[in-house]
Amino acid sequence: MALCSYCDQRSDLERQGMILRILDKSKQEEVEDLFTSVFTSSEGEKEGRLIGNLSSQLAHNIDNSEIICFGAYEGKTLIGSIFFTRLHFRKPIQIFMLAPVAVSTEHQGNGVGQALINYGLQELRKRSANVAVTYGDPSFYSKVGFQALSEDAIQAPLKLSMPFGWLGQSLAGDSIPSINERPVCVKEFNNPVYW
């Protein structure tokens, strides 16, 4: 009987040669190349440049506290990457936003993204984070525990263009608290184009 489905999934992927790790600033170019390639392939050249640039800025400012980056490697090749960035409230609470996420086109559909996200969420739990939020496709993120989140509970840092994509999950085992204020995000996300 499996005690940890994430552990089983990770073990399966590790047996296939994938390694998950926390990345630092030295991986900026690899991260930018991955995000540019993935988003260009799926969303077009303009979106590829936009998200590639965002990922480059985030990677340049990785501090493993406000901006945390995780990567999935197959051998020496980066095949997936995610960022978690801190949202700040007046209330003393640790909330991180998951975005952006990229898995190389040839590795999509194999559980790499889910394993990488679960790895990141486990790391945040170790750091006593309370909540993780994201802004994306509910059908994908529900697979890793995210649920629709009302902005009456936790607001996005900027006005959302598609409110149904605002999602969250408790990392502390309790319910998501309601916080009646708009958080401050890292400067890289402080642009309406991402929302």
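Counted the way this note's numbering counts, the sequence shown spans residues 15 to 209. For each residue, glycine too, the CB sits at the ideal point set by N, CA and C.
Label residue i either buried or exposed according to how many other C-beta atoms from any shown protein chain fall within 10 Å of its C-beta, with 16 as the threshold for buried.
i    : result
A162 : exposed
T50  : buried
S95  : buried
R24  : Model confidence at R24 stands at a pLDDT of 47, short of 50, so the residue's coordinates are unreliable; what they give is reported in the following sentence. It counts as buried.
T99  : buried
E120 : exposed
N194 : exposed
E202 : buried
S69  : buried
Run through DSSP, which three-state label would residue i get?
i    : result
L174 : coil
G182 : strand
I139 : Checking the sequence, you will find Arg at residue 139 rather than Ile. Helix at R139.
Q128 : helix
A73  : helix
Inspect the beta-carbon positions of residue i and residue j and report whether they are closer than 9 Å.
i    : j    : result
G31  : I82  : no
P191 : N144 : yes
G62  : S55  : yes
What whole-angstrom Cβ distance do residue i and residue j have, given they're in contact under 8 Å?
i    : j    : result
I168 : V147 : 6 Å
F84  : L48  : So it is not a contact: roughly 12 Å between Cβ atoms.
Among all the DSSP beta bridges, which residues are the ones paired with residue i?
i   : result
F53 : None; F53 has no bridge partner.
S95 : G85, A116
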